[in-house]
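Using this note's numbering, read the sequence shown as starting at 9 and increasing by one per residue.
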Amino acid sequence: MAKKSVRKSVKKALAKAKKGKAAKRKAPAKQVKADVQAVTGAVPPMAPAEIEEAFRRFKEASPEPKTELKHSNPFTLVVAVALSAQATDAGVNKATPALFALADTPAKMAALGEDRIRDLIKTIGLFRTKARNVAALAQKLVAEHGGEVPRDRAALEALPGVGRKTANVVLNVAFGEPTIAVDTHIFRVGNRTGMATGKDVFAVEQKLDAVVPAHYKSHAHHWLILHGRYICVARKPRCDVCIIADLCKWPGKTAA
Ligand code: SF4
């Protein structure tokens with residue numbers, strides 16, 4: 009994406025945000041500019057020793073980070089992650105206990121059917137499409153995988169409503185593979201810090217895969233997502249309490 013169109017899309021996103029909950033907040037022009045600089049490669053890269061140090065601190069602060077999505081097995085994890093697209097984990101967690109109480113296996117979910125699933129998840133955004141996908145993915149797991157969630161990226165991505173990000177989360181959380189699923193939070197943290205810059209989530213994922221030390225890879229996804237969700241937030245990053253502020257290269261940061 010050209011620098012001009014990146015700037016345009018960031019401004020457009022901010023204009024949209026101004027009409028919603030964030031309307032009362034002042035538009036952070038300096039930060040928008042810094043975010044544009046980050047995704048267009050103008051932020052210097054973090055050195056390998058700095059990346060090592062950043063993860064050492066993440067580990068020290070949170071030795072065993074976990075997903076915040078409620079689930080009880082690989083199947084409920086796949087469903088919860090698929091439901092979390094363009095929705096918050098908290099919103100998904102409000103709806104899934106009732107859903108999983110009735111259907112925590114592909115066979116039970118397929119039997120529950122699309123209409124009942126839709127009723128149970130109607131508080132989640134895009135619930136109609138998601139209900140259709142959850143019913144279809146449960147049927148496919150029963151028909152093609154013996155009712156088990158496959159430990160295979162291609163097979164996971166072939167499930168309705170499951171993309172690369174969901175497959176990465178499932179491979180990491182359910183099967184312990186060192187995959188790093190890049191969502192909006194990790195995309196922002198990777199670009200701002202200079203740890204892994206890129207114009208799209210795939211580019212950031214590839215860079216993270218190359219630069220994150222092997223001994224930190226299994227938990228890297230959770231450390232980065234939690235950092236982006238609670239500290240390096242989009243509009244008002246909490247640089248004053250950020251444990252990697254001295255390592256971060258973002259020109260918009262508010263603490264050294
Ligand atoms: S210093 Fe600020 S911009 Fe950099 S990672 Fe920390 S919170 Fe994010």
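Ideal placement from N, C-alpha and C gives every residue a C-beta, glycine not left out.
Note that the structure is predicted; figures quoted are calculated from it, not measured.
Rounded straight-line distance, which links the Cα of residue j to that of residue i
i, j, result
"Asp-191", "Lys-130", "23 Å"
"Thr-201", "Asn-141", "36 Å"
"Ile-59", "Glu-76", "24 Å"
"Leu-255", "Arg-65", "11 Å"
"Glu-122", "Arg-136", "9 Å"
"Leu-167", "Arg-124", "20 Å"
"Lys-261", "Ile-233", "18 Å"
Integer Cβ distance of residue i from residue j, believed to fall under 8 Å
i, j, result
"Gly-2", "Ile-132", "It is not possible to answer for residue 2, since the shown part of the chain is limited to 9 through 264."
"Trp-258", "Phe-63", "Trp-258 to Phe-63, Cβ: 18 Å. No contact."
"Ala-222", "Lys-215", "That pair is no contact at about 15 Å."
"Ala-46", "Asn-180", "No, Ala-46 and Asn-180 are not in contact; Cβ-Cβ is about 25 Å, not under 8 Å."
"Ala-146", "Met-117", "4 Å"
"Cys-247", "Ala-228", "Rounded, the Cβ-Cβ distance is 21 Å, inconsistent with contact."
"Lys-225", "Pro-186", "4 Å"
Buried versus exposed call for residue i [16 or more other C-beta atoms within 10 Å across all chains shown]
i, result
"Lys-32", "Reliability of the predicted coordinates at Lys-32 is poor, the pLDDT of 46 falling under 50, and no value is obtained from them."
"Val-328", "Past the edges of the chain, shown from 9 to 264, lies residue 328, and the structure says nothing about it."
"Gly-236", "buried"
"Glu-213", "buried"
"Ser-92", "buried"
"Pro-114", "buried"
"Phe-83", "buried"
"Gln-94", "exposed"
"Ala-23", "Because the pLDDT of Ala-23 is 46, which lies under 50, any placement of that residue in the model is unreliable, and the question is left without a value."
"Thr-43", "In the sequence as displayed, the identity of residue 43 is Asp instead of Thr. When all chains shown are included, Asp-43 counts as buried."
### Query
Counting Cβ pairs closer than 8 Å, one from the segment 76-92 and one from the segment 101-111, do we hit at least three?
yes
### Message
Using 8 Å as the cut-off, can you tell me whether the segment 209-216 makes contact with the segment 246-257, which would need three or more C-beta pairs spanning the two stretches below that distance?
### Response
no
### Query
Below 8 Å, can you find three or more Cβ-Cβ pairs linking the segment 158-166 to the segment 193-205?
no
### Message
I want to know whether the segment 44-53 touches the segment 230-245 - three or more CB-CB distances under 8 Å.
### Response
no
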